[in-house]
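Enquirer:
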Amino acid sequence: MSTQETTTGGPSRLQQWRDRWNGMSRFQQWAFLVPLVLLIYALPVLNPPILSTEPGYTFSIAMFEVARYALVAIGLNVVVGQAGLLDLGYIGFFAIGAYVAALFTSPDSELAKLPYLVVLPLAVLVTMVFGVLLGSPTLRLRGDYLAIVTLGFGEIVRLLADLSPLRGNAGFQGVGQPPGTRADGQDVFNTSDGTPWYWLTVTLIIVVLMLVGNLERSRVGRAWVAIREDEDAAEIMGVPTFRFKLWAFAIGAAIGGLSGALYAGQIGFVNNQRFDVVTSVLFLAAVVLGGSGNKVGVLLGATVIAYVPLRFQSLYEYRYLIFGLALIILMIFRPQGLLGARQRLLAYGREAYRRLIGRPEQVSSDSALAAEPVKGAGS
Amino acid sequence: MLAAATSLVLGACAARTDTASGGDTAGTGNASAPDKPADAADPRGDGTAKCSGAAIAYAGTINGANAALGLNILYGVQLAVNQHNEANKDCQVELKQFDTEGTPDRATGVVPQVVNDSAILGVVGLPFSGESKATGDVFNQAGLVTITPSATNPELTTHGWKTFFRALGNDAVQGPAAAKFLTDNLKATKVCVIKDDSEYGTGLANAVVQALGDKASCQESVKTKQTDFAAVVGKVQSENPDAIFYAGYYQEAAPFAQQLFDKGVQAKFVAPDGVKDEEFVKGAGDAAPNSFFTCPCVPADAFTDFTNGYKQLANREPGTYSPEGYDAATILLKGIDKGITDRAGMLDFVRNYDGQGLTKRFKWDANGELTQTPVWSYKVDGGKIVKNVEIG
Amino acid sequence: MNHQVVTYLAEGVDWIRFDVDALLGQFWNNTIEGLSQGSIYALVALGYTLVYGVLRLINFAHSEVFVFGVFAAYFTFYGLGFRPGPTVTLGIGELILFLLLALIAAMAVSGATAVVLERVAYRPLRRRNAPSLVFLITAIGASFVMQQVLFIWRGGNAEQAIRLLRPEPVFTVFNTAVTNIQIITVLAALVLLVVADTFINRTRLGRGIRAVAQDPDTATLMGVNKERVIMITFLVGGLLAGAAALFYLMKIPQGASYQGGFLLGIKAFTAAVLGGIGNLRGALLGGLLLGVVENYGQSLFGGDWRDIVAFVLLIVILMFRPTGILGESLGKARV
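Residue numbers (the numbering used here), protein chains in the order written: chain A, 1 to 379; chain B, 1001 to 1392; chain C, 2001 to 2335.
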């Protein structure tokens, strides 16, 4: 199929770079990664003039928003990129996480108040439960039917938030924050400074990346890929597809909930206005743009989706137009996303490859998703 | 006329009992609109002000979902600043604009920028209650005075923010006044109260229902962006009320009013300031003549100087809250003309301000609510919104 | 209101109700209104269903194809010299002529928009054999672009209503007046759907569409021009959306707004899935069902529940019939 030429012909430099990276030892990789991570941590403090979104939008909060999108993208990538389940209602889980945080910390809520740091794992737990609740009846559906059902679910969550127990547009005010006060008496975590929130989120992203990475290299990850590539074949080969799909759904949901709870904390205010289909679609766009199935890719995609509209605020009325055009053009010229998917299927894969064939692991550089013909769509 | 000097801590009850307004006798007749008060503050001042590097800001929706409302305010503010700067060559005040898109999460990213810009001495905004709630604390900590020309949620003044001032009556004022208009002026004994899902709509609907008591014979709700109201219209039709109060904005009110009319519902259609806009009159078509509005705003008919200036600037008629935006900006400009150069001075100035504006007398109580809040009713006549009577 | 029986779930719960009286009392009103709204859903749903059947693509931008039609109809009225305000009185001949002109304009604009959309956004992807997710994202991007074009051109406010025809009761059934607009909408939708159905099932071109839907590769080998079939599919979907646009504007004269297609698009797609995507008759059934049920839901549970009812219906039906009520068709179900 013509995919070969589009993928190998174009980004050969990317490919070289990637091979070199894969050839490095863990230690060498860390030597690159540690300064990079430090740089990422330092970004809101450095506030580089070219990158800065000010004076239109506070840079530290913009960075928090980027990080929040990145976390969402990682979670959604588990569902869409790894397991191949098209989820258009991911915003629902995000919203549930935000509302859990609000319900247990806001003075507007009648429920018992809990410290924010307790609420954070609680939000993860609750959204996970919702993931299972939604997943168990719907995961029998495939492809686009699943997409539309999840879209319906996301809308239902948003619409339910209109009802008076969830206060609709009036919302919950004074959502909790992690403890701590600065020298000048202000809270460390407050609504006008995004930096502590950004650090917290980046840290959580690293933790989540490690957990998800390990899952991917385990039996679970291999099952996901098998389901994504051909569900029927996987089923026949003895993969309990339903159980692993449910796993993907629940894990994805949990990460979405975590992001939602962080969002609620930073804004300090939750109402029903930002949990619409468009936002859900933007989440999905982040995953696909970056390269569905590639963790680095989706981080990049999330950065683009969250950052660009904030950076170019001065182009006010044209920014969504530019955004839409960019999506179309990018999809035409790089349909596999900015970085295509690649898959490490073996635990201790590096070791195994070296022993077996005496050279570094050759990672399949492009997603099977990208090579899949149009009609395949999992149906 | 303006006897409704209610104490506005939570003035819902007070506003109802206290209004010995002269409008009672007027039925639906024409009350005279207040002429532009002779002593109304003029942003031009005496033209001798001196200042340098001073700025005020408008923060609110410019391109967001309800941009029309935000632009009404922004142009009002811009007009005041332009008039000021033309008259005062030695005091050029800059107007800085910040787009919050009207949503809390954008606003929390934008407001720190307003606060960090030390040239800004005062802010007109934020227009909506939700975003005001989410960011009030930030302004308060920075000691930066904000005058909202349109956020009407009563709760906003209960947070102890020292920097929050409201340039119009809140829902707790308008609700009872609207109820009184429905029962006294329109002689309605059965009223259907319909609300949308906005904070504004639900808050106001509750205030109206409370004030109406058992005369609120049915309640229904609709959604923002809904266009097909068949089920609600059917419900209203079967109730056969004397009047309908719609708490929401004009985008939904126009098709709703028209669909009621098409179904032959004869009840008077009464709606608040969020609907009082030329857009509604055009949108509702045949149903418009049957409509009334309530608004905590003074008719702008007589403000010819303002109206002409506004038309020149914005290329359209002043809309809801344009005069409020103008008044709020004027107050801040007065402060700058007085030689105020820091935020503490401005805060002090606004807190102790007592002066006539275009729309009303501006004097605030300790919580940031106006001490006087006239509410007027309006009607549609010849395709235009014209003043009806003062109702509270 | 004395006879009104409202049962609350529990003391102090004001956010849900079971207003059986309203449901029964409003039953026929809701049914008739729902059928006319449902006809509009059905016409738009057909566009989703056809494209999905042939390309396996949720054409997210189809709602904007519809909105372009709404604007085309609006500006036809405007161009004919009508201005916002009260309904004008027209002779029956004039009225039919003007409405026909608007119908043609709306169908032409929507049809052309759909074809251009296919050319610019989707064809390059097909050339590259992009995965279906990429199509979806492109569709979303196209939807953004088309919305923003309207926004930049006309601003955020809806156009002020222009009406040529006021709804007048024509006859009464079950104590409920049926208006001229309702009759026109339902009848015209039925006619168009029958025409579309005949076109797909009885003509040569329609056979091509079915062949591509069933198996694109084999169809191509059999000499079917796939590109042409795809173009015609988009064209037919666009034409029907254009017709829906005029009926929508007649029903909701305030409907010409850049965001006006969003919710309607989601509902129409829901209708298509409800009936069984790829299935023309299913789209009609799903549209009518959705239109009626959301009115019932609103009467029974209250306004906040209107859209919730629609989506819950969707989920429940897919639970029990995973390919919709009538099942996938057009080609055949591919699972």
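The beta carbon of each residue, even a glycine, is placed where N, CA and C say it ideally should be.
#1: If you count every other CB in all the chains shown that lies within 10 Å of the CB of residue 2222 of chain C, and 16 or more means buried, which is it?
#2: Out of curiosity, what's the CA-to-CA distance linking residue 1383 of chain B and residue 1100 of chain B?
#3: What residue range does the beta strand (DSSP E) around residue 1246 of chain B cover?
#4: Does the beta-carbon distance from residue 2106 of chain C to residue 324 of chain A come in below 9 angstroms?
#5: Interface residues of chain B around residue 2166 of chain C at Cβ under 8 angstroms?
#6: Identify every residue that forms a DSSP beta bridge with residue 1058 of chain B.
#7: DSSP three-state call for residue 1118 of chain B: helix, strand or coil?
#8: Could you tell me whether the Cβ atoms of residue 2111 of chain C and residue 2242 of chain C are closer together than 9 angstroms?
#9: At the level of alpha carbons, what is the spacing between residue 2108 of chain C and residue 2239 of chain C?
#10: Would residue 1113 of chain B count as contacting chain A if we go by Cβ distances under 9 angstroms?
#11: Are the C-beta of residue 1383 of chain B and some C-beta of chain C separated by less than 9 angstroms?
#12: Do you know how far the Cα of residue 2080 of chain C is from the Cα of residue 2183 of chain C?
#13: Report the rounded CA-to-CA distance for residue 2155 of chain C versus residue 115 of chain A, giving the unit in angstroms.
#14: Starting from the C-beta of residue 2200 of chain C, find all residues in its chain whose C-beta is less than 7 angstroms away, skip the five residues before and the five after it, and write them out in chain order.
#15: To the nearest angstrom, report how far apart residue 2309 of chain C and residue 124 of chain A are at their CA atoms.
#16: Expressed to the nearest angstrom, what Euclidean distance is found between the alpha-carbon atoms of residue 1027 of chain B and residue 1280 of chain B?
#17: Would you mind working out which of C:2291, C:2276, C:2247 sits nearest residue 2074 of chain C, comparing C-alpha positions?
#18: Take residue 136 of chain A as the anchor and find which of A:101, A:247, A:239 has the nearest alpha-carbon.
#19: Just how far apart, CA to CA, sit residue 2179 of chain C and residue 2170 of chain C?
#20: For residue 1039 of chain B, count neighbouring C-beta atoms within 10 Å of its own C-beta (all shown protein chains included) and say buried if the count is 16 or more, exposed if not.
#21: If you drop the 5 nearest sequence neighbours on each side, which residues of the same chain put their C-beta closer than 7 angstroms to that of residue 2339 of chain C?
#22: For residue 292 of chain A and chain C, any beta-carbon pair shorter than 9 angstroms?
#23: Cα separation between residue 2008 of chain C and residue 2300 of chain C?
#24: Between residue 2058 of chain C and chain A, is there a C-beta pair that is closer than 9 angstroms?
#25: In angstroms, rounded to a whole number, what distance separates the CA positions of residue 156 of chain A and residue 1378 of chain B?
#26: What residues in the segment 1222-1240 of chain B have a beta carbon less than 7 angstroms from any beta carbon of chain C?
#27: Is the separation between the beta-carbon of residue 1282 of chain B and that of residue 2259 of chain C shorter than 9 angstroms?
#28: So residue 2172 of chain C is in the alpha helix (DSSP H); what residue range does that whole segment cover?
#29: Decide if the segment 188-206 of chain A is in contact with the segment 139-151 of chain A; the criterion is three or more beta carbon pairs, one per stretch, under 8 angstroms apart.
#30: Between the Cα of residue 1106 of chain B and the Cα atoms of B:1070, B:1144, B:1072, B:1061, which residue gives the shortest distance?
#31: Take residue 1136 of chain B as the anchor and find which of B:1368, B:1286, B:1381 has the nearest alpha-carbon.
#32: Checking contacts by CB at 9 angstroms: is residue 1105 of chain B closer than that to chain A?
#33: With a cut-off of 9 angstroms, does the C-beta of residue 93 of chain A fall near any C-beta of chain B?
#34: My assumption, with CB atoms under 8 angstroms, is that residue 2083 of chain C sits in contact with residue 1285 of chain B. Please give the rounded CB distance.
#35: What does DSSP give as the partner residues of residue 1356 of chain B in its beta bridges?
#36: Tell me the rounded alpha-carbon separation between residue 1292 of chain B and residue 1271 of chain B.
Expert: Taking the structure as given:
#1: Against the third sequence, residue 2222 of chain C aligns to sequence position 222. Using a 10 angstroms sphere on the CB of residue 2222 of chain C, the tally of other CB atoms stays under 16, which defines it as exposed.
#2: Reading the second sequence from its first residue, position 383 is the one you call residue 1383 of chain B. Reading the second sequence from its first residue, position 100 is the one you call residue 1100 of chain B. Each residue's alpha carbon lies about 33 angstroms from the other.
#3: Start at 1 with the first residue of the second sequence, and residue 1246 of chain B comes out as number 246. For residue 1246 of chain B, the enclosing beta strand (DSSP E) starts and ends at 1243-1247.
#4: Counting from 1 along the third sequence, the entry for residue 2106 of chain C is found at position 106. Counting from 1 along the first sequence, the entry for residue 324 of chain A is found at position 324. Their beta carbons are not under 9 angstroms apart, which means residue 2106 of chain C does not touch residue 324 of chain A by this criterion.
#5: Looking up residue 2166 of chain C in the third sequence gives position 166. Under the 8 angstroms cutoff, chain B gives 1262, 1286.
#6: The count along the second sequence starts at 1 and reaches residue 1058 of chain B at position 58. According to DSSP, residue 1058 of chain B bridges with B:1097, B:1124.
#7: Taking the first residue of the second sequence as 1, we reach residue 1118 of chain B at position 118. DSSP, reduced to helix, strand and coil, places residue 1118 of chain B outside both helices and strands of the structure shown, so it counts as coil.
#8: To locate residue 2111 of chain C, count along the third sequence from 1; it is residue 111. To locate residue 2242 of chain C, count along the third sequence from 1; it is residue 242. Taking 9 angstroms as the Cβ cut-off, residue 2111 of chain C and residue 2242 of chain C qualify as a contacting pair.
#9: Counting from one through the third sequence, the residue named residue 2108 of chain C turns up at place 108. Counting from one through the third sequence, the residue named residue 2239 of chain C turns up at place 239. Between residue 2108 of chain C and residue 2239 of chain C, the C-alpha separation is close to 7 angstroms.
#10: Position 113 of the second sequence, counting from 1, holds the residue named residue 1113 of chain B. Closer than 9 angstroms: yes.
#11: The residue labelled residue 1383 of chain B in the question sits at position 383 within the second sequence. So yes, residue 1383 of chain B belongs to the interface.
#12: Mapped onto the third sequence, residue 2183 of chain C falls at position 183. Mapped onto the third sequence, residue 2080 of chain C falls at position 80. The alpha-carbon of residue 2183 of chain C is positioned some 25 angstroms away from that of residue 2080 of chain C.
#13: As a first step, residue 2155 of chain C is located in the third sequence; it is residue number 155 there, counting from the start. As a first step, residue 115 of chain A is located in the first sequence; it is residue number 115 there, counting from the start. Rounded to whole angstroms, residue 2155 of chain C to residue 115 of chain A spans 45 angstroms at the Cα level.
#14: Stepping through the third sequence from its first residue, residue 2200 of chain C is reached at position 200. Closer than 7 angstroms at Cβ, skipping near neighbours: 2206, 2209, 2210, 2280.
#15: Within the third sequence, the letter at position 309 stands for residue 2309 of chain C. Within the first sequence, the letter at position 124 stands for residue 124 of chain A. Rounded to whole angstroms, the separation of the alpha carbons of residue 124 of chain A and residue 2309 of chain C is 28 angstroms.
#16: Within the second sequence, residue 1027 of chain B is the residue found at index 27, counting from 1. Within the second sequence, residue 1280 of chain B is the residue found at index 280, counting from 1. For residue 1027 of chain B, the pLDDT reaches just 39, beneath the cut-off of 50, and the residue's location in the model is therefore unreliable, leaving the point undetermined.
#17: As a position in the third sequence, residue 2074 of chain C is number 74, starting the count at 1. In terms of Cα proximity to residue 2074 of chain C, the closest of C:2291, C:2276, C:2247 is C:2247.
#18: Working through the first sequence from its first residue, we reach residue 136 of chain A at position 136. Residue A:247 holds the alpha-carbon nearest to the alpha-carbon of residue 136 of chain A among A:101, A:247, A:239.
#19: Within the third sequence, numbered from 1, the residue matching residue 2179 of chain C stands at position 179. Within the third sequence, numbered from 1, the residue matching residue 2170 of chain C stands at position 170. A straight-line Cα-Cα distance of about 5 angstroms links residue 2179 of chain C and residue 2170 of chain C.
#20: For the purposes of this step, residue 1039 of chain B is identified with residue 39 of the second sequence, where counting begins at 1. Sixteen is the threshold: since fewer than 16 other Cβ atoms of the shown chains lie within 10 Å of the Cβ of residue 1039 of chain B, the residue is exposed.
#21: This structure cannot settle anything about residue 2339 of chain C, because the visible part of chain C is limited to 2001 through 2335.
#22: The sequence position of residue 292 of chain A within the first sequence is 292, counting from 1. Closer than 9 angstroms to some Cβ of chain C, the Cβ of residue 292 of chain A qualifies, so yes.
#23: Position 8 of the third sequence, counted from the start, is the residue given in the question as residue 2008 of chain C. Position 300 of the third sequence, counted from the start, is the residue given in the question as residue 2300 of chain C. Low local confidence applies: a pLDDT of 48 at residue 2008 of chain C is under 50, so the model's placement there is unreliable, with the coordinate-based value given in what follows. The straight-line gap from Cα to Cα measures roughly 12 angstroms.
#24: Taking the first residue of the third sequence as position 1, residue 2058 of chain C is located at position 58. The Cβ of residue 2058 of chain C sits closer than 9 angstroms to at least one Cβ of chain A.
#25: Position 156 of the first sequence, counted from the first residue, corresponds to residue 156 of chain A. Position 378 of the second sequence, counted from the first residue, corresponds to residue 1378 of chain B. Roughly 39 angstroms separates the two Cα atoms.
#26: Residues of the segment 1222-1240 of chain B whose Cβ lies closer than 7 angstroms to any Cβ of chain C, in chain order: 1222, 1223, 1225, 1227, 1228, 1230, 1231, 1232, 1234, 1235, 1238, 1239.
#27: In the second sequence, residue 1282 of chain B corresponds to position 282, counting from 1. In the third sequence, residue 2259 of chain C corresponds to position 259, counting from 1. Result no, Cβ atoms of residue 1282 of chain B and residue 2259 of chain C do not sit closer than 9 angstroms.
#28: Against the third sequence, residue 2172 of chain C aligns to sequence position 172. No alpha helix (DSSP H) contains residue 2172 of chain C, which is instead part of the beta strand (DSSP E) from 2169-2173.
#29: Short answer: they don't touch.
#30: In the second sequence, residue 1106 of chain B corresponds to position 106, counting from 1. Residue B:1061 is the option with its Cα nearest to residue 1106 of chain B.
#31: Numbered from 1 along the second sequence, position 136 holds the residue referred to as residue 1136 of chain B. Selected option, being the one with the closest Cα: B:1368.
#32: Walking along the second sequence from the start, residue 1105 of chain B turns up at place 105. Residue 1105 of chain B counts as touching chain A.
#33: As a first step, residue 93 of chain A is located in the first sequence; it is residue number 93 there, counting from the start. It does not: the Cβ of residue 93 of chain A has no partner Cβ on chain B nearer than 9 angstroms.
#34: Residue mapping note: residue 2083 of chain C aligns to position 83 of the third sequence, counting from 1. Residue mapping note: residue 1285 of chain B aligns to position 285 of the second sequence, counting from 1. With a beta-carbon spacing of about 11 angstroms, residue 2083 of chain C and residue 1285 of chain B fall beyond the 8 angstroms limit used to define contacts.
#35: Reading the second sequence from its first residue, position 356 is the one you call residue 1356 of chain B. BP columns for residue 1356 of chain B point to B:1361.
#36: Taking the second sequence and counting its residues from 1, the one referred to as residue 1292 of chain B is at position 292. Taking the second sequence and counting its residues from 1, the one referred to as residue 1271 of chain B is at position 271. Each residue's Cα considered, the two are about 6 angstroms apart.
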